[in-house]
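One gets our numbering by counting positions in the sequence shown from 1 and adding 2 to each.
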Amino acid sequence: TPSAPIALSVLYSALGSLLLAYAGWSYVVTRLGAARAGATMHLMPAIGVGLAALFLGEYPRWYHFAGIALILGGVALSTFRVAAVSSSR
């Protein structure tokens, strides 16, 4: 069984990152609005590939770049459609 300091440090790490992520998401929603902030959720895998390359030294393969291109295209398309629908009303 883990000791109390280890258990508390794991609990702090889990809750600390959760609270930080929630606070960041709330900030983005208040700044961009729910529709635009929701579109950024799809960027997480692309950001994960970049962070893995930066911090872990992993090399992205061709299918990572293909996936990132599809993600960026989908986000651009959905953002364009939201803007077109909003401006036509």
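Note that beta-carbon positions come from the ideal geometry of N, C-alpha and C, so glycine has one too. Keep in mind it's a predicted model, so treat the numbers as computed, not measured.
Rounded C-alpha distance that separates T32 from T3: 43 Å
Taking the C-alpha atoms as reference points, what is the distance between S15 and L34? Answer to the nearest angstrom: the Cα atoms are 28 Å apart.
Using only the alpha-carbon positions, how far apart do S80 and A37 sit? 10 Å
Determine the contact status of V51 and H66, defining contact as a CB-CB distance below 7 Å. yes
Identity of the residue in I49, W64 and R63 nearest F57 by Cα: I49
Tell me which same chain residues have a C-beta within less than 8 Å of the C-beta of A55, skipping the five on either side of it? Y61 and P62
Please return the same chain residues whose Cβ sits closer than 7 Å to the Cβ of W27, not counting the five positions on each side in sequence. Taken in chain order, the list of residues that qualify is empty.
Does DSSP put S5 in a helix, a strand or coil? Three-state DSSP puts S5 in coil, outside helix and strand.
Just verifying my parser: in three-state terms, what is the DSSP assignment at G50? helix
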